[in-house]
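Each residue of the sequence shown is one higher than the one before, counting from 1 in our numbering.
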Amino acid sequence: MALACGTSVRAQDKELTIFWAEWDPANYLQELVNDYTAETGVKVTVQTTPWPDFQTKAFTEFNAHGDAYDMVVGDSQWLGAGSTQGHYVDLT
């Protein structure tokens, strides 16, 4: 959209939100995000929630076609439901 309007978007103006369950790998993700932000200027927020609430919150947002999260680190057990309901996008 910014290119179509003829304006430029600076990295500092970009923000991303990643949603994941609360557990140790999510803590490491925060470290990676800090490095990524330092390198690119893109602000990334990692939101976490306890495992028992994670799927419910994620699929509530998916089904509402919401925009609370730019990326959700989902569980492999969600692949079937997520793909048949159109909740995945090709990032390549």
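Heads up, the beta-carbon is just placed ideally off N, CA and C, and yes, glycines get one too. In this text the structure is predicted, and so the values were computed from the model without any measurement.
Three-way DSSP call (helix, strand, coil) for residue i in this model
i	result
LEU91	coil
GLU15	strand
GLN85	coil
ALA38	helix
VAL72	strand
TRP20	strand
Per-residue burial, residue i [other beta carbons within 10 Å of its own, 16 or more giving buried]
i	result
GLY41	exposed
ALA68	exposed
Contact test: residue i Cβ vs the ligand PLP heavy atom, cutoff 7 Å
i	result
HIS65	Annotation note on the ligand PLP: not contained in the displayed structure, which lists no ligands.
Residues near residue i in its chain [Cβ-Cβ closer than 6 Å; skip 5 each side]
i	result
LEU16	VAL44 and ASP70
Cβ-based neighbour list, residue i, same chain, cut-off 7 Å, excluding 5 preceding and 5 following
i	result
CYS5	With a pLDDT of 37 at CYS5, under the threshold of 50, the modelled position of this residue cannot be trusted, and the question is left open.
Whole-Å CB distance - residue i paired with residue j, under 8 Å assumed
i	j	result
GLN47	ASP75	The pair is not a contact, with the Cβ atoms about 16 Å apart (cut-off 8 Å).
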